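In our numbering, the protein residues as written are 3 to 169. Each remark here refers to the structure printed beneath this line.
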């Protein structure tokens with residue numbers, strides 16, 4: 003998804019890098035935070051796929067999905083990312099069964115463990131902040147991982163940039 007010109011002006015250049023980064027966000031946040039990373043699951047539930055999500059994953063709209071919401075923390079007390087993973091029930095088979103039972107472990111540990119899953123990405127602006135939505139195909143299973151970068155993360159990036167400029 004292309005950013006509209008008016009949104010492009012509001013998007014911090016450092017955050018843009020994060021929105022379009024390839025690979026494991028788990029590993030990237032851990033590296034940024036000096037080895038500190040924590041997942042706090044906030045909700046798990048079943049719901050029907052939204053029309054847009056079902057189209058993107060090429061799944062029937064009436065199918066149920068398992069949803070996991072969580073907050074991702076780096077080196078600060080305030081969460082950096084609000085995450086939401088959407089797994090169509092038929093995708094939770096074979097190796098993907100693991101995702102329903104990972105608890106406080108990050109999805110990225112499993113998703114990028116010795117694999118480089120196919121990923122389609124779109125970037126949108128939600129009321130909570132800039133969000134990247136990734137549709138992964140992993141061992142034949144399709145699912146969406148949505149990551150909203152919260153204000154605390156943007157503030158951390160700006161603070162880090164200032165500190166680097168003064169060095």
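Using N, Cα and C, we set each Cβ at its ideal position, and we do this for glycine too. Every value quoted in this text rests on a predicted model; they were computed, and no experiment measured them.
Next on the checklist: Looking at residue 68: is its Cβ nearer than 8 Å to the Cβ of residue 89?
Outcome noted: Counted from its first residue, the chain shown places residue 68 at position 66. Counted from its first residue, the chain shown places residue 89 at position 87. Going by C-beta atoms, residue 68 is nearer than 8 Å to residue 89.
Checklist entry - residue 18 lies in the alpha helix (DSSP H); which residues open and close that run? => result By 1-based counting over the chain shown, the position of residue 18 is 16. Element bounds for residue 18: 15 to 22.
Item to check | Host alpha helix (DSSP H) of residue 56 (start-end) | outcome: Locating residue 56 in the chain shown gives position 54, where the first residue counts as 1. From DSSP, the alpha helix (DSSP H) with residue 56 extends over 53 to 59.
Next on the checklist: Checking 8 Å against the spacing of the C-beta atoms, do residue 148 and residue 85 come in under that value?
Outcome noted: For the purposes of this step, residue 148 is taken as the residue at position 146 of the chain shown. For the purposes of this step, residue 85 is taken as the residue at position 83 of the chain shown. Contact: yes.
Next on the checklist: Suppose only complete runs of 4+ residues qualify. What are the alpha helix (DSSP H) ranges in the region 65 to 137, listed by chain order?
Outcome noted: You should have 109 to 113.
Checklist entry - For residue 45, does the three-state DSSP call read helix, strand or coil? => result If you number the chain shown from 1, residue 45 lands on position 43. In the three-state reduction of the DSSP assignment, residue 45 falls in the strand class, which pools E and B.
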